[in-house]
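Residues in the sequence shown are numbered consecutively from 165, following this note's numbering.
Written below as structure tokens is the structure these notes are about.
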Amino acid sequence: MKIGMSNLKLQHDKLKNEIDSAFRELMDNSSFILGPQVRKFEIDFEAFTNASHCIGTSSGTSAIDAALLALNIGSGDEVISVPFTFAATIEPIILAGATPVFVDIDPVYFNMDYTKIDSAITPNTKAIMPVHLYGQMADMDKICEIAKKNNLYVIEDSAQAQGASFNSNHAGTMGDIGTFSFFPGKNLGAVGDAGAC
165 MKIGMSNLKL
175 QHDKLKNEID
185 SAFRELMDNS
195 SFILGPQVRK
205 FEIDFEAFTN
215 ASHCIGTSSG
225 TSAIDAALLA
235 LNIGSGDEVI
245 SVPFTFAATI
255 EPIILAGATP
265 VFVDIDPVYF
275 NMDYTKIDSA
285 ITPNTKAIMP
295 VHLYGQMADM
305 DKICEIAKKN
315 NLYVIEDSAQ
325 AQGASFNSNH
335 AGTMGDIGTF
345 SFFPGKNLGA
355 VGDAGAC
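Okay, here's the thing in structure tokens:
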């Protein structure tokens, strides 16, 4: 017996006509990159998350790449994160020349256990990257407090938390930079791949 994890066809059926129309419009004007549809998405997602800015990217991985680059994180730096995530969270850290340092997750919520962060901080630590999973956020108040105390950046991997909030703050808006993935299998999937930060 075959049991599927998700049915992307079924989840898009209700929006099929709207999606087809938008895709035809995109094909007709051929503005796949930096076109009006991308800008409209950025404005709409900014409003949805109550963020001050939104930049569309080709994927969630590219969003993390952009965040690391914007914060000048690279060779010799360390980024604290969790091992309980998809490889796309950690790959950009390594490709930037930095070193991922792992802390454990909370066994109830499966998000970063903030009580483990202090012991992982070294003079080379430059950022903390919590990963919000299953539509719920890590304890961002505590994580941001630790980051502020230690003069560290916070990059939120919100690929699995679009629409989630913590103390009335949307995922991706409590740290210095929030990153999102819209891979078709994510909580909020695109046709193809996409991301934002």
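All residues carry an ideal CB built from backbone N, CA and C; glycine is no exception.
Count the other C-beta atoms from every protein chain shown that fall within 10 angstroms of the C-beta of residue i, then say buried if there are 16 or more, exposed otherwise.
i: L233; result: exposed
i: G336; result: buried
i: D192; result: exposed
i: Y298; result: exposed
i: K204; result: exposed
i: E189; result: exposed
i: P296; result: Here residue 296 turns out to be His, not Pro, going by the sequence shown. The residue in question, H296, is buried, as its Cβ has 16 or more Cβ neighbours within 10 Å.
i: V246; result: buried
Specify the secondary structure class of residue i as computed by DSSP and reduced to three states.
i: P264; result: strand
i: K313; result: helix
i: I244; result: strand
i: A231; result: helix
i: L198; result: coil
i: K350; result: coil
i: I166; result: Note that residue 166 corresponds to Lys in the displayed sequence, not to Ile. Looking at K166 - three-state DSSP - the assignment turns out to be coil, as it is neither helix nor strand.
i: N193; result: helix
i: S322; result: coil
i: A215; result: coil
i: F205; result: helix
i: F250; result: coil
i: I237; result: coil
i: I257; result: helix
i: N171; result: coil
i: I307; result: helix
i: T225; result: helix
i: I285; result: coil
Determine which residues share a DSSP beta bridge with residue i and list them.
i: S329; result: H334
i: A360; result: G220 and F344
i: G291; result: Note on identity: in this sequence residue 291 is Ala, with Gly being the wrong assignment. Answer is V243 and Y317, bridged to A291.
i: I269; result: M276
i: Q300; result: L297
Can you grab the Cα-Cα spacing for the pair residue i / residue j, in whole Å?
i: N236; j: N181; result: 43 Å
i: I219; j: A230; result: 10 Å
i: F330; j: A260; result: 29 Å
i: F274; j: F248; result: 8 Å
i: P287; j: L179; result: 50 Å
i: T225; j: S239; result: 19 Å
i: I310; j: T279; result: 10 Å
i: S345; j: G359; result: 4 Å
i: F209; j: I257; result: 25 Å
i: L352; j: E320; result: 16 Å
i: A291; j: M165; result: 45 Å
i: A251; j: I228; result: 12 Å
i: D270; j: D277; result: 5 Å
i: V202; j: F196; result: 8 Å
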